[in-house]
């Protein structure tokens with residue numbers, strides 16, 4: 064005898080589930096002895112199935128006349144009697160019996176005995192089937208969870224380990240994958256000249272495939288960002304790299320922008336990603352730039368746009384997991400609500416917290432997160448726009464070094480100028496500060512560091528209430544006092560003074576205050592410029 | 002970055018020698034500025050006119066170079082005039098009193114003619 068339960072059930076149900084596949088994959092073929100027949104598959108549309116389903120007991124196979132391939136197969140295999148196994152009204156298998164060893168026909172008592180046996184065996188068989196099915200489903204779940212874990216690991220390994228600390232800026236980010244792990248990603252890329260690249264993207268699909276495409280996109284984008292300046296050109300390059308190998312029906316939406324922290328300029332291009340929002344004094348605005356998602360087709364052009372984030376303004380980059388989150392009635396959180404949140408809430412990390420709170424209220428606290436949620440904010444400190452805010456504390460805007468080499472004072476003055484420009488110093492006084500910074504840096508490189516390239520000059524820019532301080536430090540703390548002689552042009556023209564020696568004189572006449580300090584290791588010249596007190600400017604030719 | 006070894010052209014116009022200062026006026030400009038001075042004063046001109054319209058950044062060393070030119074001009078009795086200064090550098094010329102020893106004119110015509118519109122004679 065042999066049971067056909069497994070193969071019969073599979074075919075009879077007419078569908079192939081994950082559990083079935085697992086059973087096929089994990090079970091070894093059952094060896095058959097000479098008494099056993101190989102299982103006979105019964106096709107779902109075979110009339111034998113309907114017959115057995117409705118049979119009241121054991122069926123005489125030889126006497127059966129049906130246009131049934133399975134029946135023909137059974138007859139050919141020598142099956143004499145087929146006993147349906149029914150559990151809770153469902154046909155779950157068939158006991159097939161060959162001829163009796165005595166070669167006599169099956170008696171009425173035999174058939175009753177077999178019917179009783181089938182009635183007992185069917186529930187037990189059903190239990191066995193369910194146990195196997197559950198084991199298969201558990202194995203499938205475990206494999207699925209392992210794949211999810213792999214996807215999570217890939218994604219988390221490619222997210223920034225830390226965010227940059229930029230003077231005058233708050234950078235915050237939030238990333239929470241959905242259970243099935245979508246393809247969200249974000250990145251922060253240090254670029255030359257203190258620029259910072261910000262990326263947010265979303266790969267279609269979920270799980271490991273999305274994570275792998277995300278990893279590839281991130282890597283290509285990082286490499287391209289180092290070689291190309293323009294965000295549009297970077298996205299074009301990434302698109303060209305991704306297109307040949309992008310799996311079918313997959314693509315990547317991505318926004319890439321480059322921030323110049325000193326000026327607030329944010330130049331960006333967008334490959335079909337959700338539009339970022341900027342919080343302004345009047346509300347919030349979208350940053351629009353056209354471009355197709357990455358990986359769809361080669362030869363795409365990505366429009367570039369530029370925005371200036373003024374002091375007090377902030378930018379939100381976000382993924383569709385925010386706006387497409389549904390409430391219990393199926394309504395989405397939506398773009399208008401997010402735009403309104405950007406306008407209403409403070410920027411930076413607090414904006415993220417508030418949006419997440421709103422999201423939880425929208426979806427309900429027990430609802431499973433549908434998609435990855437990613438948000439990145441860049442908030443520019445308001446103190447730069449309104450220096451009278453935050454009176455008292457000193458905020459360092461930047462600290463950098465300049466190698467002591469002839470001409471490098473230009474680097475220092477240009478960089479300080481870029482940092483100070485947004486503070487609102489008028490043009491004439493900004494030029495004065497530039498000259499003072501240039502002269503002070505030149506003095507530091509020459510007199511403090513002897514123009515030794517390996518001994519840099521350190522420049523710090525700080526704001527405090529309504530003034531800006533620029534501190535220029537060299538390594539000549541023990542050097543003798545410099546340029547003590549007051550320059551007199553008539554003495555110079557008469558040959559009584561050397562033509563040079565104008566540096567400190569210019570510095571003192573260009574800024575509102577100049578202070579020198581030495582601590583034995585370093586010499587610092589601090590230049591002070593009031594931001595809005597024009598009356599503090601000394602008279603021309605006067606000294607502080 | 003600073004420029005170096007920039008040639009500063011010398012033009013002659015109506016008896017004056019016009020030196021077109023090019024690029025940054027700093028220590029690196031010393032050679033080219035002195036060469037231009039030599040060229041401009043090879044035959045004694047009525048005046049040497051310094052054209053700052055094409056000049057870039059001027060630092061204290063550049064101021065010292067101009068002081069040097071003034072000293073040489075004084076020794077030879079040649080007057081120096083200037084034009085094309087931005088308001089910022091004009092202010093520096095006044096703070097350092099360079100403006101007391103060279104005339105600052107609004108444009109080349111007045112500088113070549115001399116006196117007209119100049120802050121100092």
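Residue numbers (the working numbering), protein chains in the order written: chain L, 64 to 607; chain E, 2 to 122.
For each residue, glycine too, the CB sits at the ideal point set by N, CA and C.
Under the Cβ criterion of 7 Å, residue 71(E) is counted among the residues facing chain L. For residue 175(L), the enclosing alpha helix (DSSP H) has its first and last residue at 171 to 220.
Taking a cut-off of 8 Å for Cβ pairs, the segment 390 to 398 of chain L and the segment 457 to 475 of chain L do not touch, as fewer than three such pairs fall below it. Per DSSP, the unbroken alpha helix (DSSP H) holding residue 110(L) starts and ends at 110 to 117. DSSP places residue 143(L) outside both helix and strand once states are collapsed to three, so it counts as coil. For residue 75(E), the nearest beta carbon of chain L is closer than 7 Å to its own beta carbon.
By the neighbour-count definition (other C-beta atoms within 10 Å, threshold 16), residue 506(L) is a buried residue.
Spanning the alpha carbons of residue 73(E) and residue 480(L) requires a straight line of approximately 36 Å. Distance check between residue 39(E) and each of 15(E), 69(E), 60(E) places 69(E) closest, using alpha-carbon atoms only. Contact of residue 68(E) with chain L is assigned, a C-beta pair being separated by under 7 Å. In terms of Cβ geometry, residue 147(L) and residue 115(L) form a close pair [threshold 7 Å]. For residue 444(L), the closest of 591(L), 230(L), 266(L) by C-alpha to C-alpha distance is 230(L). In the same chain as residue 343(L), and ignoring 5 residues on each side of it, the C-beta atoms closer than 6 Å to its own belong to 376, in chain order. Under the three-state reduction of DSSP output, residue 581(L) falls in the strand class.
Straight through space, the alpha carbons of residue 294(L) and residue 97(E) are spaced by roughly 47 Å.
Between residue 99(E) and residue 300(L), the alpha-carbon positions lie close to 55 Å from each other.
For residue 535(L), no alpha helix (DSSP H) segment is defined; the enclosing uninterrupted segment is the beta strand (DSSP E) at 530 to 537.
Note that the C-beta distance between residue 465(L) and residue 520(L) is below 7 Å. Cβ contact annotation for residue 412(L) (same chain, cutoff 6 Å, sequence separation greater than five): 235, in chain order.
In this structure residue 109(E) is buried. Its beta-carbon is surrounded by 16 or more other beta-carbon atoms within 10 angstroms. Residue 106(E) does not reach chain L, its nearest Cβ partner there being about 20 Å away, counting only Cβ pairs nearer than 8 Å.
From the beta-carbon of residue 572(L), the residues of chain E found nearer than 8 Å are 96. Only buried fits residue 52(E), as 16 or more other CB atoms lie within 10 angstroms of its CB.
For residue 80(E), the enclosing beta strand (DSSP E) has its first and last residue at 80 to 84.
Inclusion of residue 56(E) and residue 82(E) in the CB contact set at 7 Å is not warranted, their separation being larger than that value. Of all residues in the segment 456 to 478 of chain L, only 469, 470, 471, 472, 473, 474, 476 come within less than 9 Å of chain E when Cβ atoms are compared, listed by chain position. One finds nothing in chain L with a Cβ atom closer than 9 Å to the Cβ of residue 55(E); even the nearest lies about 17 Å away. Per DSSP, the continuous beta strand (DSSP E) segment holding residue 369(L) begins and ends at 367 to 371.
Per the Cβ contact rule, the segment 484 to 498 of chain L is not in contact with the segment 551 to 566 of chain L (fewer than 3 Cβ pairs under 8 Å). Annotated three-state conformation of residue 275(L) is helix, per DSSP. Closer than 8 Å at the C-beta level to chain L, one finds these residues of the segment 26 to 47 of chain E: 27, 28, 29.
Taking 8 Å as the Cβ-Cβ cut-off, the segment 491 to 513 of chain L approaches chain E at 491, 494, 495, 498, 501, 502, 505, given in chain order. Counted as a single uninterrupted DSSP element, the alpha helix (DSSP H) harbouring residue 38(E) occupies residues 31 to 41. Within the same chain, 150, 155 come within 7 Å of residue 189(L) by CB-CB distance, once the 5 residues on both sides are set aside.
Flagged as an interface residue toward chain E: residue 552(L), by a C-beta distance shorter than 7 Å. The Cβ of residue 590(L) sits no closer than 7 Å to any Cβ of chain E.
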